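See below for the structure under consideration.
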Amino acid sequence: MNILVANLGSTSFKYRLFRFAGEQPLAIAKGGFERVTDYGKAIDDCLTALRAEGHLASVADLHAVGFKTVLGGDVTGCVDADERVEAALLATADLAPAHNPPYAAGIRRFREKLPGVPLVALFETAFYQWIPDYVRRYAVPDAWHAAGVRRNGFHGASHKFVAERSAELLNRPDVADLTRALYQGGPRAVPGSELRVISCHLGGSSSVTAIRDGVAIGTSMGLSPQSGLPQNNRVGDLDSAAIPYIHRKLGLSLLEIERQLTRESGLLALSGVGNDLRDIRAAALAGNRHAEDAIDAFIHSIRHWIGAFWIELGGCDALVFTAGIGENQAYIREAVCAGLADLGLVLDCERNASAPSETDIASADSRTRVFVIPANEELVVARETHRYLLARAPSVCAA
Ligand code: ADP
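Mapping the sequence shown onto the numbering used here, position 4 (from 1) lands on 4, and the numbers just tick up by one.
See below:
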């Protein structure tokens, strides 16, 4: 069975093709186009390339397409990418302006181009379907809550993969199996001791998630991806009073405030150097104080959320680092883990410094394991699409 995962940006179209033998996926091709103005043409070009490279004999060999959609309000989970999903993406486009419109347009074009091929949307919010109400609820009037002002959570594909993989690394295949089936069966009671994981997805966009027995119970992300940790160029958490205050004080319009918070804030604003942590680190090492402060603020915020979730979970069996920064920037991992011996977390600094791909970087006597787990969100979308079809349309999966 061949599943294409389509990654749609406002001007880009990237794809990966996975082949499933039973439940085992194999990534067999990838590609993409920049400066896309017409998704229909990009889809044609993608299918032509997959045929020319010999991965598909014909379009009939493509059995499903999966999409990592971001936010759909009340529509979440792993669902058919149908007109309802398109409408939900457009209705919440204000909160995810860079992602929702291209996904809505791209899904429509796929449906036109590939009638009859199952299209599946895995929402980034899906992993947070079961967070407690007291976590989801902001202290706002009922009408705001009813209008959708609530904690959604993001990076669900990445954090779910961490939940599955960390359970395996902790020798808890029972939890890994239940987590894999989460979107089909919902949470189920896990016999035996609780498994408590704190997952740090640190990249261009960053978040921390608390996971108990494979199910998310807390997230640093809120209503929109403009929340939580300082992001590359997005603000992260901010006192809501700042918005009316700065509107009056600096005479900025709501649109301009929104633009500055979503494009000119975060690590970019703090450092004054750029939005890539590699550049910020280079500037800090060269003595730039603002760059140093930006890194300190980022680390402080990561530790703030880890601390909150450590208490909420009543301990932590594994702390996990994933995504561009989490996987590649050892000094961030070291700073995040500093001084936690009393909590039972001790880093092996040598292993941390040399961490190659997936590895345990805690010292042998650390009660909490510390894992680096490479992110592979496309793989997660492909797996979830396959599981969804297996549950809903097993005949498609027999292909
Ligand atoms: P995105 O969140 O946009 O998908 P990434 O997960 O790749 O992107 O994260 C981008 C961030 O990760 C950048 O701030 C960059 O500094 C860092 N990063 C990515 N790759 C590397 C690398 N090989 N070495 C060091 N830092 C990296």
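Glycine included, every Cβ here is placed at the ideal spot set by N, Cα and C.
Note that the structure is predicted; figures quoted are calculated from it, not measured.
Check, Outcome
"Histidine 201 classed as buried or exposed, judged by whether at least 16 other C-beta atoms fall within 10 angstroms", "buried"
"Chain D contact for leucine 254 (CB, 8 Å cutoff)", "Going by chain labels, chain D is absent from the structure shown, which holds only one protein chain."
"Inter-residue spacing [alpha-carbon to alpha-carbon] between glutamine 260 and arginine 383", "37 Å"
"Chain-order list of residues whose beta-carbon lies under 7 Å from that of glutamate 194 (same chain, five-residue window excluded)", "Arg212, Asp213"
"Beta-carbon proximity list for threonine 69, same chain, < 6 Å, skipping 5 on both sides", "Tyr103, Ala121, Phe123"
"The beta strand (DSSP E) enclosing threonine 385, as first and last residue numbers", "Taken as a continuous stretch (DSSP letters only), threonine 385 belongs to no beta strand (DSSP E), being part of the alpha helix (DSSP H) at 377-392."
"Contact check, leucine 62 vs asparagine 2, beta carbons under 8 Å", "yes"
"CB contact flag (alanine 126, glycine 77, <8 Å)", "yes"
"Residue span of the alpha helix (DSSP H) that contains glycine 106, given as start and end", "100-113"
"Nonlocal neighbours in the same chain, by C-beta distance under 6 Å from aspartate 279, ignoring five residues either side", "Val273"
"Continuous beta strand (DSSP E) stretch holding arginine 16: start and end", "13-21"
"Cα-Cα separation between alanine 375 and threonine 322, rounded to whole angstroms", "6 Å"
"Cβ-heavy atom distance, isoleucine 246 to ligand 1, below 7 Å", "no"
"Whole-Å CB distance - valine 235 paired with glycine 266, under 8 Å assumed", "6 Å"
"Contact belief for phenylalanine 18 with valine 36 at Cβ below 8 Å, rounded distance in angstroms", "Actually they do not touch by this definition, with Cβ atoms about 22 Å apart."
"Through-space distance from alanine 29 to tyrosine 388, alpha-carbon basis", "22 Å"
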